[in-house]
Amino acid sequence: MEKEDEELLVTDMSSKRDVLVMIESSRESGRQLIAGLADYARHFGPWNFHWHPLGLGSLEAPLEGIKLDGMMVRDMAGVPASIKAGVPAIDFTFSKAISKGAGWANTDDQAVSKTIAEHFLQRGFRNFAYCGYKDRPWSIDRGKHFTAWLQKADYAVNNFWIPSDSWGGTDNLEIIQWLESLPHRTALMATNDDLGRRLVGLCQEADLRVPDDCAIIGVDNDPLICGMSNPPLSSVKIDQYQAGYDAAAMLDKMMKGKPPKNLVVTAQVGELIVRQSSDIIAVEDAAVSKALRFIQQNAHRAVKVDEVARASGLFRRSLERRFREHLSRSISDYCREARAERLEKILRETRLNLEEIAEQSGFSEASHLTRFFITVRGESPSQYRKRVSLR
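Under the UniProt record's numbering, think of the first position of the sequence shown as 1, with each following residue one higher.
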């Protein structure tokens, strides 16, 4: 951090800021945003929050007589002109319509779609679909990026678009008909967890087994929504906490009269949390499927390619050829990826130190584990653990 930035963060500590917060708390994404900005205010405030979690509604009356120093809101367009005039603001916009002079909090939708596409490809899928909202720019972007990533691998995507206010009746019948038309073993990306949970339920109405007939992954990793799905919904985490924290830091500078040159904060993509809705290996080749199961079952140690070949019942050269045919990668690449995913899970879900993890994961020393993780993931285990612990 530059010296000027440090000075901006520590000056005026005694002056309390009145900040309007118009972010929903009904979803995990909103709660994480709020947690991030609240922690920033606790570290560098004090700020006095005026929180309206249920929507803009009749906003004027509750703020009568209050001089706002800043705003953090969902979609600036809904804020009355008398309130937003001249007030520094961060816009967490669903519409992606940027208000002039305001900061903008965005999501890396390209990385979201890439994460899901690569996961499906690693699991051996060859049929792909996307379901999103036709009237939501962020949902349209996710569908475009998902299609683009799979087109690079020479696969087509069957897209289906519905209105965002569609929750039953004729729309459900149309979605069911679309689901029934999909090929066996389709990998389906839902634009968010709400729609993902709905699609899981509609698959059941269509007598489609999840994940055997249709594997589904959502976005946001809302634990309540994913848990209400039957089977539980796989989903991609988005680091909304850090986005909220960074957006609050930006607003702080704006309220001090020194807005940053870059007025965009981007929520980065976290892990894809695999639950039952997508936990399947979609490879028809029996030998490759046996090899993949062996690799997954032995991801706690270094697996040799010859071991994998013996488990599959094929000679090494034949299995290598089939791996590249079905998964577009080598056996050793798949082994490294499976081992790295297991290490991520341990780092994320336990408090074991690196020496203990190394012992459980077949590394003779913690330094060997660290070198492996940096090679595969581009960051050290400690850096990874610190990053995910902030969410």
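For glycine and all other residues, C-beta sits at the position ideal for the given N, C-alpha and C.
Note that the coordinates shown come from a computational prediction; the quantities given were computed from them, not determined experimentally.
Non-local beta-carbon contacts of residue 183 in its own chain, meaning distances under 8 Å to residues more than five positions away in sequence, involve 127 in chain order. Taking 7 Å as the cut-off, the Cβ atoms of residue 348 and residue 376 do not count as close. A distance of 7 Å or more separates the beta carbons of residue 251 and residue 140.
Following the DSSP letters along the chain, one finds residue 133 inside the beta strand (DSSP E) bounded by residues 127 to 133.
The way I'd put it, the segment 318 to 336 does touch the segment 297 to 306; three or more beta-carbon pairs between them come closer than 8 Å. Around the beta carbon of residue 113, a 10 Å sphere encloses 16 or more other beta carbons of the protein chains shown; the residue is thus reported as buried.
The Cβ neighbour count for residue 100, taken over all protein chains shown within 10 Å, is under 16; the residue is labelled exposed.
Per DSSP, the continuous alpha helix (DSSP H) segment holding residue 370 begins and ends at 366 to 377.
In chain order, 287, 290, 291 and 319 place their CB closer than 6 Å to the CB of residue 312, counting only its own chain and leaving out the 5 sequence neighbours on each side. About 6 Å separates the Cβ atoms of residue 233 and residue 200, confirming a contact at the 8 Å cut-off. One Cα belongs to residue 93, the other to residue 20, and the distance between them is close to 15 Å.
Sequence-distant partners of residue 276 (beyond 5 residues in either direction) whose C-beta falls short of 6 Å from its own C-beta, in its chain, are 231 and 232. When the Cα atoms are used, residue 133 and residue 193 turn out to be separated by approximately 13 Å.
For residue 49, the CB contacts under 6 Å within the same chain, skipping 5 residues up- and downstream, are 19 and 21 in chain order. The shortest CA-to-CA distance from residue 102 to any of 254, 283 and 331 is the one to 254. Nearest to residue 144 by C-alpha distance, out of 123, 125 and 117, is 117. Secondary structure at residue 274: coil, using DSSP grouped into helix, strand and coil.
The Cβ-Cβ distance between residue 308 and residue 294 falls below 7 Å. Beta-bridge partners of residue 199 (DSSP): none assigned. For residue 282, the secondary structure class from DSSP, reduced to helix, strand or coil, is coil. Counting of Cβ neighbours within 10 angstroms places residue 369 among the buried residues, the total reaching 16 or more.
With respect to residue 241, residue 32 sits close: the two C-beta atoms are nearer than 7 Å.
Residue range 240 to 255 is occupied by the alpha helix (DSSP H) that includes residue 255. The Cβ atoms of residue 160 and residue 149 lie no closer than 7 Å to each other. If the five residues before and after residue 188 are omitted, its C-beta is found closer than 6 Å to the C-beta atoms of 129, 214 and 216, all from its own chain and listed in chain order.
In this structure, DSSP gives residue 263 a state outside helix and strand, which the three-state scheme calls coil.
Only exposed fits residue 43, as fewer than 16 other CB atoms lie within 10 angstroms of its CB. Here the alpha carbon of residue 371 sits roughly 17 Å from the alpha carbon of residue 299. Excluding five sequence positions before and after residue 266, the CB atoms of its chain that fall closer than 6 Å to its own CB belong to 106 and 108, given in chain order. The continuous stretches of alpha helix (DSSP H) do not include residue 49, which lies in the beta strand (DSSP E) extending over residues 47 to 51. When secondary structure is reduced to three states using DSSP, residue 346 falls in the helix class. In chain order, 47 and 248 place their CB closer than 7 Å to the CB of residue 41, counting only its own chain and leaving out the 5 sequence neighbours on each side. The C-beta distance from residue 29 to residue 220 rounds to 5 Å, short enough to fall under 8 Å.
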